[in-house]
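Sequential numbering from 209 applies to the sequence shown in our numbering.
Some notes on the structure that comes next.
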Amino acid sequence: MSQTLTLELSDEVYTNLKQEAEFAGLSVSEWIIVSLTQQAKKSSKLDVATSVDREAARQRFRRHAGSVDLGYATKVDNESIEADLARAYSNEDKVGN
Numbered sequence: 209m210s211q212t213l214t215l216e217l218s219d220e221v222y223t224n225l226k227q228e229a230e231f232a233g234l235s236v237s238e239w240i241i242v243s244l245t246q247q248a249k250k251s252s253k254l255d256v257a258t259s260v261d262r263e264a265a266r267q268r269f270r271r272h273a274g275s276v277d278l279g280y281a282t283k284v285d286n287e288s289i290e291a292d293l294a295r296a297y298s299n300e301d302k303v304g305n
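So, in C-alpha cells, the structure goes:
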C-alpha cells in the first residue's frame, strides 16, 4: 500500500533537493522518497535500540535492589524509625557543638 503526499517547499529547499537528486541520478520525488525511507528505518532502529538500552539499564538497576547492608537488622515499624531518627538528631547536636 502507498500514500500520496503533497509538499509545499520553499524555492531554496527545492533547489537543494534538486541538486542532491541530480547528483544521485534521481528525480526530486525519488530522492525525497529514498531519503524519507532511510530516515524512517534509522528512526525505527533507534527506537528499538533505545528501548533495549532502557530495559537493560532497568535490569541493572533492579539487581541492586536490597543489596545495601547496614550491618544490622532494621525494622520498618514506627518505634524503630523513631529510635533511628532520635539517634541521628542527637548525633547532629554533638557534631554541631
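Every residue, glycine too, gets a C-beta built ideally from N, C-alpha and C.
Quantities reported herein were computed from a predicted structural model and do not represent experimental measurements.
Between residue i and residue j, which are expected to be in contact by the criterion C-beta below 8 angstroms, what is the C-beta distance as a whole number of angstroms?
i          : j           : result
valine 242 : leucine 225 : Incorrect: roughly 11 angstroms between the Cβ atoms, too far for contact.
When the Cα of residue i is compared with those of the options, which residue comes out closest?
i             : options                        : result
alanine 229   : Arg268, Arg295, Trp239         : Trp239
aspartate 213 : Arg262, Gly279, Leu244, Asp261 : Going by the sequence as given, residue 213 is leucine instead of aspartate. If we check each option's Cα against that of leucine 213, Leu244 comes out closest.
Locate the alpha helix (DSSP H) running through residue i, then write down its first and last residues.
i             : result
aspartate 219 : 219-232
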